[in-house]
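Residue numbers (the numbering used here): 40 to 217.
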């Protein structure tokens, strides 16, 4: 089964959004930064009130900055990063060579349509090497390891349901639909 897909800037944006949403260390860092800043901001005011009965102006300013940082990290950091990511990718508007994906009993072959690039960068993957496949939105994301993720565009498939069933058959419980 062959799939030829053209990749454009919006595909790269969606792919990077997916990676950002999956990044556990980013999620944890964002939560730790936000919660820690909020706690420190509030605790410094409460501590000074308990110890001296008043709060100095500098403590109020630092506390407000910490609280703002905490709210920013928890509520606005991810949307701002996504906006900057989208802006940067669309500004570059890189042209990615067409990708030819071949699915067979041995596994998956990820090739560029440009034969010259394939001499250096042809990448075969066995079905056993694919950790999981996640169907989300208009894509199927194939996790080869924690650092390599490939994607198949649903609209690039002549018969998407046939491709989906084939992947489910080969990957069994490693195929997820989100």
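Ideal Cβ placement from N, Cα and C applies to all residues, glycine included.
Item, Value
"Spatial neighbours of residue 121 in its chain, beta-carbon cut-off 8 angstroms, leaving aside the 5 residues before and after", "56 and 59"
"Alpha carbon of residue 92 to alpha carbon of residue 66, nearest angstrom", "38 angstroms"
"Nearest neighbour of residue 108, chosen from 123, 166 and 77 [CA to CA]", "77"
"CB of residue 202 within 9 angstroms of CB of residue 179, strictly", "yes"
"Own chain residues within Cβ distance below 6 angstroms of residue 195, not counting five before or after", "42 and 44"
"Strand pairing of residue 189, partner residues [DSSP]", "181"
"Given residue 206 as reference, the closest of 73, 184, 48 and 174 once Cα atoms are compared", "174"
"Close Cβ partners of residue 113 (< 6 angstroms) along its chain, the five nearest in sequence each way excluded", "73"
"Outcome for residue 172 when other beta-carbon atoms lying within 10 angstroms are tallied against a minimum of 16", "buried"
"Beta-carbon proximity of residue 146 to residue 176, cut-off 9 angstroms", "no"
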